[in-house]
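Reviewing the structure listed below.
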Amino acid sequence: MIIQIDFAGDLPLYSQLRDQIVIGIAAGLLKSGEALPSVRRLAADIGINIHTVNKAYALLRDEGYIVMDRRSGAAVAPRPLDSRGFFEHLADLLRPIAAEAICHELDAEQFGRFCADLHRQVRTVQDIREGHP
Amino acid sequence: MSALQNLFFAINLLLVLTMGVMLTVLPLITRKSLLFGVRIPEPALDHPEVRHLKAIYLVVLAVLSVLTLAAALAIHLVRPAFNLIGSLYLPWPLLIGQFLTTVALWRQAKRLKARENWQVAHLGTAETRSSLARTRFGGLPWAWYLGSLALIVLAALVSLAVYPSMPQTIVTHWNAAMEPDAWADKSLIHVLITPIIALVMLLIMLLSNLAVYRTKLQVSLENPALSYAQHRVYRLWMSHMLGFITVVMTMMFLAFQPMILNLWVPSSALMILIILVTSTLMIVPAIVVSVKAGQGGTRLKPAITDADIAAAGLADALRPASRSGRGDDRFWKLGMFYVNPEDPALFVEDRLGNNGGLNYARPLAWVLVVVLLVLVIATYALSTGLLLDLV
Numbered sequence: 032m033i034i035q036i037d038f039a040g041d042l043p044l045y046s047q048l049r050d051q052i053v054i055g056i057a058a059g060l061l062k063s064g065e066a067l068p069s070v071r072r073l074a075a076d077i078g079i080n081i082h083t084v085n086k087a088y089a090l091l092r093d094e095g096y097i098v099m100d101r102r103s104g105a106a107v108a109p110r111p112l113d114s115r116g117f118f119e120h121l122a123d124l125l126r127p128i129a130a131e132a133i134c135h136e137l138d139a140e141q142f143g144r145f146c147a148d149l150h151r152q153v154r155t156v157q158d159i160r161e162g163h164p
Numbered sequence: 235m236s237a238l239q240n241l242f243f244a245i246n247l248l249l250v251l252t253m254g255v256m257l258t259v260l261p262l263i264t265r266k267s268l269l270f271g272v273r274i275p276e277p278a279l280d281h282p283e284v285r286h287l288k289a290i291y292l293v294v295l296a297v298l299s300v301l302t303l304a305a306a307l308a309i310h311l312v313r314p315a316f317n318l319i320g321s322l323y324l325p326w327p328l329l330i331g332q333f334l335t336t337v338a339l340w341r342q343a344k345r346l347k348a349r350e351n352w353q354v355a356h357l358g359t360a361e362t363r364s365s366l367a368r369t370r371f372g373g374l375p376w377a378w379y380l381g382s383l384a385l386i387v388l389a390a391l392v393s394l395a396v397y398p399s400m401p402q403t404i405v406t407h408w409n410a411a412m413e414p415d416a417w418a419d420k421s422l423i424h425v426l427i428t429p430i431i432a433l434v435m436l437l438i439m440l441l442s443n444l445a446v447y448r449t450k451l452q453v454s455l456e457n458p459a460l461s462y463a464q465h466r467v468y469r470l471w472m473s474h475m476l477g478f479i480t481v482v483m484t485m486m487f488l489a490f491q492p493m494i495l496n497l498w499v500p501s502s503a504l505m506i507l508i509i510l511v512t513s514t515l516m517i518v519p520a521i522v523v524s525v526k527a528g529q530g531g532t533r534l535k536p537a538i539t540d541a542d543i544a545a546a547g548l549a550d551a552l553r554p555a556s557r558s559g560r561g562d563d564r565f566w567k568l569g570m571f572y573v574n575p576e577d578p579a580l581f582v583e584d585r586l587g588n589n590g591g592l593n594y595a596r597p598l599a600w601v602l603v604v605v606l607l608v609l610v611i612a613t614y615a616l617s618t619g620l621l622l623d624l625v
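Written out as structure tokens, the structure is:
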């Protein structure tokens, strides 16, 4: 998959990288079990500090999206992922966003539809990748 | 004027012409979004001022090339004995002129970008499969290098086998008519120096091939998927080109081994023929690949499926919109020297179409520059001394 980091973006570089890899996995751009480049190579190709990539990889490993092996390097974790505690995590992430939506006068239905559309958008890429749009 | 001097003159003309053409077409084979090292938005390419700057470059370089050709002619007419030394020094006015022209136009391009307020994104891009493929050594065309190594080892073994039966005093130098004119006691280092030089050249070529693999790409911001597909083909072409050149170079060096072993002395015509044929075999593929492929493969049209393009486009839509600004120009000193301490990359694609560039924030880059400088200066000092002796 193509990773693109925006140096002028709002989010820190490591979290942009982390987000893109998660989206890549969800959209099927990165297959389960697929090998990922070494920290050094990826840092050199993107043009960012090695520690930035290290931080993103460590975060992804702690969250269970990738597995890291001293010898064979990093790879996308096999499915299914361990989803214990995921709902609490999701709630913590979404609560401030739901609050922002309320501040901007979105009702529950609009907010729900918006989330569903984004969910569908990521799924569409996966469907195209697998050849049944 | 001897036939030999006419030949040297012809070589000089060919050399200057090739270099002139290569340098003149550089802006045509550079990535489109780069104007003399300044990142501009691709739609700005049609701006009249952009075309104007490129036209200035073409005219200046064409004039420089013609002047250098005239200099080659002048040497041939006035001091034909200096033709061979001319080959060493004729490229320099061209190279220096090209450098100065580029710097002047880089300043113009920078001003133009500021005046028109052209905004570009500053993105760091990687493709996981490309990065992964370039981490390992697997992609290198080992057959060429192992073949060359086998030839070198064979030549060294044969030399060692012949060594005891060689007379104590051997011929070490021949004059232009291939008559012996210098002798010395035989020594192991003397019979092994050619295989050793060939081995060093082999390692240098292998390192260049590795550099092609490790180079960070200048990815098109408009169509990164195409850039990676192009580079995949380009890597393959370059590797086989470099591998082929290595084999030819090895054979060229080893062709002189029978002479060094005093087994056989070729006629001067045959010697010139060997040098001409091998240098043609080395130069032509290099020119063909760089012109046909363009920088990093930008002129190639690799097969990428519609599904790939669709997926890349959709994946693009999954990213937050990028902010526009001045882009990454500040890391490119004079538009051509990359200095970025945050970037661990050592080899980067340069911005002027030459393919090779270094990240000068890395200490190893300076080590490479010093080694290269020492090599160039030593080669120049040695060959100038040798050739002046001939004059």
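Protein chains in written order, with our numbering: chain A, 32 to 164; chain B, 235 to 625.
By construction, the Cβ of each residue, glycine as well, lies at the ideal position given by its N, Cα and C atoms.
Given the structure is predicted, the values throughout are model-derived calculations rather than measurements.
Got a sec? Which residues, its chain only, sit under 7 Å from residue i by beta carbon, not counting five neighbours each side?
i      : result
B:S461 : L451, V453, S454
B:A343 : L269, F270, V272, L287
A:M99  : Y88, R92, A105
B:T618 : I319, L322
Please compile the residues from chain B whose C-beta is within a distance smaller than 9 Å of the C-beta of residue i.
i     : result
A:A87 : Per Cβ cutoff of 9 Å: no residues; A:A87 is ~12 Å from chain B at best.
A:I54 : A549, L552, R553
A:I36 : L357, G358, T359, A360
Should residue i be labelled buried (16 or more other beta-carbon atoms within 10 Å of its own) or exposed?
i      : result
A:F117 : exposed
B:S501 : exposed
A:G64  : exposed
A:A147 : exposed
B:E583 : buried
B:Y614 : exposed
A:D76  : buried
B:P414 : exposed
B:P398 : exposed
B:V605 : exposed
B:R596 : buried
A:P164 : A caution first: A:P164 carries a pLDDT of 47, below 50, which makes its placement in the model unreliable, though a value can still be read off. Per the 10 Å Cβ criterion, exposed.
B:I309 : buried
B:N351 : exposed
Please list, in chain order, the chain B residues whose beta carbon lies closer than 8 Å to that of residue i.
i      : result
A:L124 : Under the 8 Å cutoff, chain B gives no residues; its nearest Cβ is about 16 Å from A:L124.
A:V156 : A545, L548, A549, L552
A:V153 : L552
For a contact meaning CB atoms closer than 7 Å, what does residue i contact in chain B?
i     : result
A:P68 : T362, S365, L366, T369
A:R71 : P578
A:A58 : A549, L552
Determine the chain A residues that contact residue i at a beta-carbon separation under 8 Å, and present them in chain order.
i      : result
B:G559 : A39
B:A546 : I33
B:P536 : Within 8 Å Cβ-Cβ: nothing; B:P536 doesn't reach chain A, min ~15 Å.
B:A459 : I33
B:N574 : G78
B:S556 : Q35, D37, A39, G40
What span of residues does the alpha helix (DSSP H) with residue i cover, start to end?
i      : result
B:G477 : 458 to 489
B:E576 : Segment: none, B:E576 is in no alpha helix (DSSP H) and carries neither H nor E.
B:W326 : 325 to 350
A:D76  : 70 to 77
In the DSSP assignment, the beta strand (DSSP E) including residue i goes from what residue to what residue?
i      : result
A:D123 : Segment 117 to 134 is the alpha helix (DSSP H) holding A:D123; no beta strand (DSSP E) there.
B:V499 : Run containing B:V499: none; DSSP gives neither H nor E here.
B:E583 : Taken as a continuous stretch (DSSP letters only), B:E583 belongs to no beta strand (DSSP E), as it is neither H nor E.
B:M400 : B:M400 -> no beta strand (DSSP E), and no H or E assigned at all.
A:V107 : 104 to 107
B:G358 : 357 to 361
A:D100 : 97 to 100
B:P414 : 414 to 419
A:I36  : 33 to 37
Using a cut-off of 9 Å between C-beta atoms, extract the partners of residue i located in chain A.
i      : result
B:D577 : A74, A75, I77, G78, I79, N80
B:N443 : Chain A residues near B:N443: none, gap ~17 Å exceeds 9 Å.
Under 6 Å Cβ to Cβ from residue i, same chain only, skipping five residues before and after it: list those, please.
i      : result
A:D104 : It is worth fixing the name first, because residue 104 of chain A is Gly in this sequence and not Asp. The answer, listed in chain order, is S69.
A:F145 : none
B:Q239 : P314, N317
Considering only residues of the same chain and omitting the five flanking positions on each side of residue i, which have a CB-CB separation below 8 Å?
i      : result
B:P327 : L298, L301, T302, A305
B:V255 : S299
A:Y96  : I52, V53, I56, V107, A108, L112
B:L621 : L318, I319, L322
A:D138 : none
B:M472 : N443, V446, V523, A527
B:N574 : F565, N593, A595
Discussion item. Pairs of beta-carbons, one from the segment 476 to 486 of chain B and one from the segment 405 to 424 of chain B, closer than 8 Å: are there three or more?
Written reply: no
Fill in: Cβ contact (3+ pairs, closer than 8 Å) linking the segment 393 to 407 of chain B and the segment 419 to 430 of chain B
yes
Worksheet item: If we count Cβ pairs, one from each stretch, closer than 8 Å, do we get three or more for the segment 477 to 497 of chain B versus the segment 379 to 393 of chain B?
Response: yes
Worksheet item: Is the segment 489 to 506 of chain B touching the segment 140 to 154 of chain A in the sense that three or more CB pairs, one from each, lie closer than 8 Å?
Response: Because the criterion of three Cβ pairs below 8 Å is not met, the segment 140 to 154 of chain A and the segment 489 to 506 of chain B do not touch.
Worksheet item: Is it true that the segment 241 to 254 of chain B meets the segment 558 to 565 of chain B, where meeting means three or more beta-carbon pairs spaced less than 8 Å apart?
Response: With a cut-off of 8 Å on Cβ pairs, the segment 241 to 254 of chain B is not in contact with the segment 558 to 565 of chain B, counting fewer than three such pairs.
Discussion item. Is it the case that the segment 544 to 555 of chain B contacts the segment 508 to 518 of chain B, given that we only count it when at least three CB pairs across the two stretches are under 8 Å?
Written reply: no
Worksheet item: With a cut-off of 8 Å, do at least 3 Cβ pairs link the segment 33 to 50 of chain A to the segment 84 to 92 of chain A?
Response: These segments touch.
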